[in-house]
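Offset between the sequence shown (1-based) and the numbering used here: plus 6. Cβ coordinates follow ideal geometry from the N, Cα and C atoms, glycine included. Please read these numbers as outputs of a predicted model, since none were measured by experiment. Read the structure below first, then the notes.
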Amino acid sequence: MPKTGMYVLQGVTPSQIAAAPFDVKVIDIYNDAGQTFTPAEVKQMGGGPGSALLLGYFSIGEAETYRDYFKTIPAAALGPENPQWKGNYEVAFWTPEWKAVATAYIDRMLAAGYDGVYFDVVDEYQTSWAKSHAPGGAAGAEQAMVDLIKYLGDYAEAKHPGFKVWVNNAEELLTHPGYLGTIDGMFKENLFYTDGGQKQPAAETSYSMGLLQKAIDAGKDVISIEYVTGAQKVADVHALDDKYGISSYVAHLDLNGVDTEGVRPGQVMHDDALGAVQPPVPAPPLTTPPVQPDPLPAQKVVAGDASDNRLKGTSGDDIIKGLGGHDRLTGLSGADTFVFQEYGRKNSDTITDFKHGTDHIGLDHAVFQLAQGELSPDAFWVGSKAHDANDRVIYNKTSGDLLYDPDGSGSAAPQVIANIGANMKIDYHDILSI
Numbered sequence: 007m008p009k010t011g012m013y014v015l016q017g018v019t020p021s022q023i024a025a026a027p028f029d030v031k032v033i034d035i036y037n038d039a040g041q042t043f044t045p046a047e048v049k050q051m052g053g054g055p056g057s058a059l060l061l062g063y064f065s066i067g068e069a070e071t072y073r074d075y076f077k078t079i080p081a082a083a084l085g086p087e088n089p090q091w092k093g094n095y096e097v098a099f100w101t102p103e104w105k106a107v108a109t110a111y112i113d114r115m116l117a118a119g120y121d122g123v124y125f126d127v128v129d130e131y132q133t134s135w136a137k138s139h140a141p142g143g144a145a146g147a148e149q150a151m152v153d154l155i156k157y158l159g160d161y162a163e164a165k166h167p168g169f170k171v172w173v174n175n176a177e178e179l180l181t182h183p184g185y186l187g188t189i190d191g192m193f194k195e196n197l198f199y200t201d202g203g204q205k206q207p208a209a210e211t212s213y214s215m216g217l218l219q220k221a222i223d224a225g226k227d228v229i230s231i232e233y234v235t236g237a238q239k240v241a242d243v244h245a246l247d248d249k250y251g252i253s254s255y256v257a258h259l260d261l262n263g264v265d266t267e268g269v270r271p272g273q274v275m276h277d278d279a280l281g282a283v284q285p286p287v288p289a290p291p292l293t294t295p296p297v298q299p300d301p302l303p304a305q306k307v308v309a310g311d312a313s314d315n316r317l318k319g320t321s322g323d324d325i326i327k328g329l330g331g332h333d334r335l336t337g338l339s340g341a342d343t344f345v346f347q348e349y350g351r352k353n354s355d356t357i358t359d360f361k362h363g364t365d366h367i368g369l370d371h372a373v374f375q376l377a378q379g380e381l382s383p384d385a386f387w388v389g390s391k392a393h394d395a396n397d398r399v400i401y402n403k404t405s406g407d408l409l410y411d412p413d414g415s416g417s418a419a420p421q422v423i424a425n426i427g428a429n430m431k432i433d434y435h436d437i438l439s440i
């Protein structure tokens, strides 16, 4: 069942937030008087283990004049004012100055006890100002936004393991390798309806869902935000939610106070289960053949979710997908395939019983940017890092880590895919791009 969510930027009342029947609660970290909520108030609203997942709001693409950090931003790092939201200015998010502002904001949330951060205005990289001012133009602006979110996610994870990163919009970034491994969920505004309550063209919804499906397939929750009112439109939103396997928050455009018009009968808040080990969630067997030839020799599918799971296969041939989190994967007997759709420290798994020549490592070709099929011999290397430009998958015999290098340069630290144990036998025959 997809998580439910709410999004409130004004009129944040701790008691009302605490009682609201939503699983994910996004709030401004300041009250209407401009004061940050105290740790006690944050705990009351759901911060910490138990209760809902409480996310603090931060506009990563714009600076607001009413924030206390605004005067610290050099004029050169500010862009034009947003004509739709007076007092909000585009920022040069690729600069050290803005990174420092964002990092300090994360520190505030960590100190107050929030469960995670919610990044808004992620799609700032798509504006003409960002494209013309960022080093590298449009492509540079896009990459800079990905890099900033990954940096902030890693920073928060290092200081408080389990701190969540949610984003709003910019679903195009889901095609970037490693981005999925940084985020834990996302909201999408106007997926079905416009701000004015008009139905979105079917092509627009289809385009966004085609990208959002990448997050859903990776075990991430997706919640749409729809600015509609009236029983007929709310019912339509719910029907579309059911069709796509997501949930929605029905709200007024000012996001003032908790809106309950879209709350379904019997809807309740679920425990965020922070720090808990989730039981494995078996996925249904594959019934529809993929568009590309499927090289997997496995049959049964066992899948986790975005939490830390312990997954075990059967006595037969299994496909085992940990998805998000730090998972412990055991294939047992049979020829098993361990599938990875993410990489990086926040999502590295442990395989307890990898069998060379029998089991396979399956890497999502779109994420790892590899040609489908068996890994080519020159793309595999045994060592601590890449030794030439062809190396993509690296096995470190000392640590037992199976690593991914996006360019084979070795200039940056390779990213962990999984740990299979030290001094194991593994070669390119054991690795499939699927």
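Suppose you measure from the CA of residue i to the CA of residue j; what does that come to, to the nearest Å?
| i | j | result |
| --- | --- | --- |
| arginine 73 | glycine 67 | 14 Å |
| glycine 379 | glycine 143 | 35 Å |
| proline 8 | serine 254 | 10 Å |
| phenylalanine 346 | valine 422 | 11 Å |
| proline 303 | leucine 246 | Only weak support exists for where proline 303 lies, its pLDDT of 43 falling under 50; the value from the coordinates is given anyway. So the alpha carbons of these two residues sit roughly 35 Å apart. |
| glycine 427 | aspartate 333 | 14 Å |
| aspartate 370 | lysine 92 | 43 Å |
| asparagine 440 | alanine 83 | In the sequence as displayed, the identity of residue 440 is isoleucine instead of asparagine. Those two C-alpha atoms are separated by around 42 Å. |
| isoleucine 112 | asparagine 175 | 20 Å |
| aspartate 407 | glutamate 348 | 15 Å |
| methionine 192 | glycine 331 | 16 Å |
| alanine 145 | aspartate 129 | 13 Å |
| glutamine 22 | aspartate 265 | 11 Å |
| threonine 19 | tyrosine 434 | 56 Å |
| alanine 46 | alanine 117 | 11 Å |
| proline 27 | valine 228 | 17 Å |
| glycine 40 | lysine 49 | 19 Å |
| histidine 362 | alanine 98 | 49 Å |
| proline 383 | alanine 395 | 13 Å |
How about residue i: is its C-beta nearer than 8 Å to some C-beta of chain D?
| i | result |
| --- | --- |
| proline 141 | Protein chain content of the structure displayed is limited to a single chain, and chain D is not contained in it. |
The beta strand (DSSP E) spanning residue i covers which residue range?
| i | result |
| --- | --- |
| tyrosine 124 | 122-126 |
| tyrosine 63 | 59-65 |
| serine 439 | 437-439 |
| arginine 334 | 334-336 |
| threonine 356 | 355-357 |
Between residue i and residue j, is the Cβ-Cβ spacing less than 8 Å?
| i | j | result |
| --- | --- | --- |
| isoleucine 367 | isoleucine 437 | yes |
| aspartate 153 | tyrosine 63 | no |
| valine 30 | valine 14 | no |
| aspartate 323 | aspartate 311 | no |
| aspartate 277 | tyrosine 233 | no |
| phenylalanine 107 | threonine 78 | One detail in the question is off: residue 107 reads as valine in this sequence, not phenylalanine. Cβ atoms of valine 107 and threonine 78: closer than 8 Å. |
| leucine 317 | leucine 335 | yes |
| alanine 147 | tyrosine 131 | yes |
| proline 86 | phenylalanine 374 | no |
| serine 230 | lysine 194 | yes |
| tyrosine 157 | lysine 105 | yes |
| threonine 42 | isoleucine 35 | yes |
| glutamate 177 | serine 212 | no |
In its own chain, which residues sit with a C-beta less than 6 Å from the C-beta of residue i, not counting the 5 before and 5 after it?
| i | result |
| --- | --- |
| tryptophan 100 | Ala140 and Ala150 |
| leucine 60 | Lys31, Met51, Gly52, Gly53, Tyr120 and Asp121 |
| asparagine 94 | Glu68, Glu70 and Asn88 |
| glycine 159 | Val171 and Thr188 |
| lysine 327 | Ala309 and Val345 |
| glycine 203 | Val234 |
| lysine 220 | Leu180 |
| phenylalanine 386 | Val399 and Tyr434 |
| alanine 24 | Gln50 and Met51 |
Output the boundary residues of the alpha helix (DSSP H) element that contains residue i.
| i | result |
| --- | --- |
| glycine 225 | Looking at the DSSP string, glycine 225 is not in any alpha helix (DSSP H), and its letter there is neither H nor E. |
| histidine 244 | 237-250 |
| alanine 145 | 143-165 |
| glycine 85 | Taken as a continuous stretch (DSSP letters only), glycine 85 belongs to no alpha helix (DSSP H), being part of the beta strand (DSSP E) at 84-87. |
| glycine 187 | 185-188 |
Among the residues of its own chain, which have a CB less than 8 Å from the CB of residue i, if the five just before and after it don't count?
| i | result |
| --- | --- |
| glutamine 206 | Asn196, Leu197, Phe198, Tyr199 and Thr200 |
| histidine 258 | Tyr233, Thr235 and Asp265 |
| glutamate 267 | Thr235, Val240 and Val256 |
| asparagine 425 | Ser354, Asp355, Thr356, Ile357, Ser405, Gly406, Asp407 and Leu408 |
Please go through the same chain and pick out, in chain order, the residues whose beta-carbon is closer than 7 Å to the beta-carbon of residue i, but skip the five residues on each side of it.
| i | result |
| --- | --- |
| valine 287 | Low confidence applies here, because valine 287 scores a pLDDT of 40, under 50, leaving its location unreliable; read the following figure in that light. Only Ala309, Gly310 and Asp311 meet the Cβ criterion. |
| methionine 115 | Ile35, Gly62 and Val123 |
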